[in-house]
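In what follows, a single structure is set out as structure tokens and then discussed.
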Amino acid sequence: MAAQIWGSEKRARRRREISAKIAQMPELHDSKPLPFMTREEKIMESARKLTILTEKMGQIIDPTDPAELYHLNNEVLGLEGNPMALHGVMFIPALSAQASDEQQAKWLPRALRREIIGTYAQTELGHGTNLQNLETTATYDLATQEFVLHTPQITALKWWPGNLGKSSNYAVVVAHMIIKAKNYGPHPFMVQLRDEKTHEPLPGITIGDIGPKMAYNIVDNGFLGFNKYRIPRTNLLMRHTKVEADGTYIKPPHAKINYSAMVHVRAYMLTGQAIMLASALNIATRYSSVRRQGQIDKSQPEVKVLEYQTQQHRLFPSIARAYAFQFAGAETVKLYEHVLKEMKSGNVSLMADLHALTSGLKSVVTYQTGEGIEQARMACGGHGYSMASYISEIYGVAIGGCTYEGENMVMLLQLARYLVKSAALVKSGQSSKLGPLVAYLGVKSEPTSLIDRIPNSGFTEYVKTFQHVSKRQTLKAADMFFGLMEKGEKREIAWNKCSVELNRASRLHTRLFIVEAFVRRVNEIADIRIKEALTDLLHLHVNYELLDIASYALEDGFLSASQLDYIRDQVYLYLGKIRPNAVSLLDSWEFSDIELRSVLGRRDGNVYENLFKWAKSSPLNKTDVLSSVTQYLKPMMEKARL
Ligand SMILES: CCCCCCCC/C=C\CCCCCCCCCCC/C=C/C(=O)SCCNC(=O)CCNC(=O)[C@H](O)C(C)(C)COP(=O)(O)OP(=O)(O)OC[C@H]1O[C@@H](n2cnc3c(N)ncnc32)[C@H](O)[C@@H]1OP(=O)(O)O
Ligand SMILES: Cc1cc2nc3c(=O)[nH]c(=O)nc-3n(C[C@H](O)[C@H](O)[C@H](O)COP(=O)(O)OP(=O)(O)OC[C@H]3O[C@@H](n4cnc5c(N)ncnc54)[C@H](O)[C@@H]3O)c2cc1C
Numbered sequence: 001m002a003a004q005i006w007g008s009e010k011r012a013r014r015r016r017e018i019s020a021k022i023a024q025m026p027e028l029h030d031s032k033p034l035p036f037m038t039r040e041e042k043i044m045e046s047a048r049k050l051t052i053l054t055e056k057m058g059q060i061i062d063p064t065d066p067a068e069l070y071h072l073n074n075e076v077l078g079l080e081g082n083p084m085a086l087h088g089v090m091f092i093p094a095l096s097a098q099a100s101d102e103q104q105a106k107w108l109p110r111a112l113r114r115e116i117i118g119t120y121a122q123t124e125l126g127h128g129t130n131l132q133n134l135e136t137t138a139t140y141d142l143a144t145q146e147f148v149l150h151t152p153q154i155t156a157l158k159w160w161p162g163n164l165g166k167s168s169n170y171a172v173v174v175a176h177m178i179i180k181a182k183n184y185g186p187h188p189f190m191v192q193l194r195d196e197k198t199h200e201p202l203p204g205i206t207i208g209d210i211g212p213k214m215a216y217n218i219v220d221n222g223f224l225g226f227n228k229y230r231i232p233r234t235n236l237l238m239r240h241t242k243v244e245a246d247g248t249y250i251k252p253p254h255a256k257i258n259y260s261a262m263v264h265v266r267a268y269m270l271t272g273q274a275i276m277l278a279s280a281l282n283i284a285t286r287y288s289s290v291r292r293q294g295q296i297d298k299s300q301p302e303v304k305v306l307e308y309q310t311q312q313h314r315l316f317p318s319i320a321r322a323y324a325f326q327f328a329g330a331e332t333v334k335l336y337e338h339v340l341k342e343m344k345s346g347n348v349s350l351m352a353d354l355h356a357l358t359s360g361l362k363s364v365v366t367y368q369t370g371e372g373i374e375q376a377r378m379a380c381g382g383h384g385y386s387m388a389s390y391i392s393e394i395y396g397v398a399i400g401g402c403t404y405e406g407e408n409m410v411m412l413l414q415l416a417r418y419l420v421k422s423a424a425l426v427k428s429g430q431s432s433k434l435g436p437l438v439a440y441l442g443v444k445s446e447p448t449s450l451i452d453r454i455p456n457s458g459f460t461e462y463v464k465t466f467q468h469v470s471k472r473q474t475l476k477a478a479d480m481f482f483g484l485m486e487k488g489e490k491r492e493i494a495w496n497k498c499s500v501e502l503n504r505a506s507r508l509h510t511r512l513f514i515v516e517a518f519v520r521r522v523n524e525i526a527d528i529r530i531k532e533a534l535t536d537l538l539h540l541h542v543n544y545e546l547l548d549i550a551s552y553a554l555e556d557g558f559l560s561a562s563q564l565d566y567i568r569d570q571v572y573l574y575l576g577k578i579r580p581n582a583v584s585l586l587d588s589w590e591f592s593d594i595e596l597r598s599v600l601g602r603r604d605g606n607v608y609e610n611l612f613k614w615a616k617s618s619p620l621n622k623t624d625v626l627s628s629v630t631q632y633l634k635p636m637m638e639k640a641r642l
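The opening position of the sequence shown corresponds to residue 1 in the UniProt record's numbering, with each subsequent residue numbered one higher.
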């Protein structure tokens, strides 16, 4: 099963080897539990480990393999980030995709050797979503052949970029490029922020940390202002766009090609979210098979809480989602790598499809991951609320994904633009022009669903039902939009009035893609036992998901009330079938105790003893009487007693 999850036997084996090596290297372990550290201590601890990794990484992993890097990162540095998180996740990808060969030769080897640390500085205090209204300017000075970076007012301060505040000395900065008074829109520039020897901010740069956040507190998300700060013309990233010395602008082959670093993260973060969901579920499911509370049959001893159907219903559909996200994420990464290669050689024809797909997936996956992790926390009762479970930290980190790389509603609306264009093709009789991901929009469906009507139909009827609801909602939302425009509404006003319906269409389309990716994967599996276990999980997935969106299929009679009862019964049936495999389905992800960082989710199940040990190690317990008591509470009580 690990081979299915991680993509191959070799990958699963490599993960095990890497975990085993890390287990033998105490210098790479947390020196104490992260929840007991202050933010400064955590940052220090993380930087300490990063420097060891820089020295020893080659002995542990193949540093050119992103999957191995990511595993190393999760084991050693953990989910809460590190002082170089953005360096690997966005700075290097931005340079790789957007810098010319000459620029890459100059900067990439230095970045890869970690001579410099970089980040991606785009969002500002006043604008994150609406990139056209970013306010930082890069004005070309023809006389000196330099760009002058400037922050005209407080809302133009860069705000949020990870590791910008304290760690990075370089950044890819996105600014509006102005040449001879003409604004060419946001463009990426390579900018040195700090002196390479002293690490002091360079003159003309204001920089710092934005303060503690809901989670990710090892990352120094920062602010950045420029006061007429000059950089050479050749620091504009010029793989696709060029500015000649005389100010001539050569436009890129696609207007949004400079957004590739964002698409990179949107594509890669899906499996990251799956890992966080599976981690939280692994903790909750293991604990649920240790925790005994109450009886189902009063004549029997107390049961493991995992025996309760409500507990299974809380956890198991999310186990199915974690697998589904992992499989859909793996497909998306492959597609992204393919499109990136094509883009580099000038073929930009697949960019719109990739953008639509990653926008929808990013939104649905982060939202459902958040839901699943929060349910996992609640499923652990009181101990889930303790930082000893570590689930709240996983939740805080995962939920950030709903906002970064494009706020979820906004990204769903991006996919909706693509769906509405596709609907227009269907309506004008041009269904043959639909791309493969939306081809179903042009296919006439049966009048009613055949779920439970055709024996041994596998998942086909389920997929058709998802297709039906997705198609119907897309066409309905598009009709609403076109109808408003026909009545004379301006395009943008009409769009806003339909946006809730449009986003519903985007979610349904994305959920269909996720179901299809799960079905594709299960169909490929040769090993009978693995196929059986995953088929059970897929049964739970399709029935649970369909029940969740049933109103869309009920309102036009595509599904009947009796079919709905059948679907509900199937959910209960598969909860029971999955129960014996539940812990194994999560243990198969092979998270080590080092990586999980959870007292509740320990592999050995020795929860109570270790919870007590953990509590005793709290800094508050170093002394029996705290100074808050001697200084305030004790005098108060004494005064009251007089
Ligand atoms: C030991 C060391 C360990 C290191 C480990 C490294 C290992 C790495 C491996 C794995 C990585 C794992 C990843 C895990 C990650 C977690 C880390 C967390 C880091 C978090 C970092 C966060 C960073 C950020 O948030 S950066 C800032 C992101 N900001 C946004 O996303 C802004 C959102 N807004 C937008 O994108 C745009 O404004 C917009 C799309 C909403 C609108 O754009 P605009 O230009 O205004 O558009 P408009 O003129 O209206 O035109 C719209 C048309 O353009 C089309 N379009 C838009 N975008 C694209 C695109 N990208 N591609 C193609 N087409 C695009 C759009 O469809 C419209 O087309 P139409 O035809 O007109 O409909
Ligand atoms: C943990 C974290 C890490 C980050 N890292 C980085 C980084 O490294 N580099 C970087 O540059 N940035 C980074 N960001 C910033 C992030 O990319 C932005 O916060 C994000 O893109 C959302 O933009 P915003 O904050 O402007 O939200 P807003 O756009 O102000 O969103 C507020 C509300 O308005 C709604 N809204 C906005 N526009 C529309 C619209 N057109 N239609 C409908 N609704 C709309 C949204 O849906 C939301 O409900 C990070 C953010 C976080 C939380």
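Just so you know, even glycine gets a beta-carbon here, dropped at the ideal spot from N, CA and C. Note that the coordinates shown come from a computational prediction; the quantities given were computed from them, not determined experimentally.
Distance CB(residue 397)-CB(residue 99) smaller than 8 Å
No; because the gap between Cβ atoms is not below 8 Å, this pair is not in contact.
Mapping the DSSP letters down to three states, classify residue 534 as helix, strand or coil.
helix
In this structure, what does DSSP give as the bridge partners for residue 150?
137
Rounded to whole angstroms, what's the CA-CA distance from residue 288 to residue 308? Just pull it up for me.
Approximately 10 Å between the Cα atoms of the pair.
Cβ shell of residue 462 (< 6 Å), same chain only, five flanking positions each side left out:
Spatial neighbours of residue 462 in its own chain (CB-CB distance under 6 Å, excluding positions within 5 residues in sequence) are listed in chain order as 542.
Whose C-beta lies closer than 8 Å to the C-beta of residue 556 among residues of the same chain, with five residues either side of it excluded?
472
Closest to residue 351 by CA distance: which of 87, 381, 321, 254 is it?
Selected option, being the one with the closest Cα: 254.
Give me, in chain order, the residues of the same chain whose beta-carbon lies closer than 7 Å to that of residue 435; leave out the 5 immediate sequence neighbours on both sides.
353
Residue 172 and residue 245 look like a contact to me (Cβ under 8 Å); what is the Cβ gap, rounded to whole Å?
In fact, because the Cβ distance is near 22 Å, the residues do not count as touching under 8 Å.
Alpha helix (DSSP H) segments (min. 4 residues) lying fully within the region 315–397:
351–378, 381–385
Would you decide whether residue 612 is buried or exposed? Buried here means 16 or more other CB atoms lie within 10 Å of its CB.
Residue 612 comes out exposed.
Indicate, with yes or no, if ligand 1 has a heavy atom lying under 7 Å from the CB of residue 85.
yes
When you measure from the CB of residue 352 to every non-hydrogen atom of ligand 4, does any distance come out below 7 Å?
Annotation note on ligand 4: not contained in the displayed structure, which lists ligand 1 and ligand 2 as its ligands.
Alpha carbon of residue 593 to alpha carbon of residue 576, nearest angstrom:
28 Å
So, residue 566 versus residue 320, is the Cβ gap smaller than 8 Å?
no
Delimiting residues of the beta strand (DSSP E) encompassing residue 185
182–192
CB-CB under 8 Å to residue 72, same chain, minus the five flanking residues each way: which ones, in chain order?
18, 22, 53, 57, 60, 61
Find out if the Cβ-Cβ distance for the pair residue 356, residue 97 is shorter than 8 Å.
no
Taking only heavy atoms of ligand 2 into account, decide whether any of them is closer than 7 Å to the Cβ of residue 683.
Given that the chain is displayed from residue 1 to residue 642, the structure contains no residue 683 and the question cannot be resolved.
Please say whether residue 385 and residue 596 have beta carbons closer to each other than 8 Å?
Result no, Cβ atoms of residue 596 and residue 385 do not sit closer than 8 Å.
Closest by CA to residue 223, which one among 269, 160, 276, 546?
160
So, helix, strand or coil for residue 230, using DSSP?
strand
Got a sec: does ligand 1 put a non-hydrogen atom nearer than 7 Å to the Cβ of residue 128?
yes
With burial defined as no fewer than 16 other Cβ atoms inside 10 Å of the residue's Cβ, what is the status of residue 191: buried or exposed?
Residue 191 counts as buried, since no fewer than 16 other beta carbons sit within 10 angstroms of its beta carbon.
Backbone secondary structure at residue 1 - three-state DSSP
coil
Nearest to residue 367 (by Cα), restricted to the options 302, 591, 406
406
Per DSSP, which residues does residue 249 bridge with? Please list them.
Looking at the DSSP assignment, residue 249 forms a beta bridge with 243.
Can you tell me whether residue 157 is buried or exposed? The criterion is at least 16 other CB atoms within 10 Å of its CB, across all chains shown.
buried
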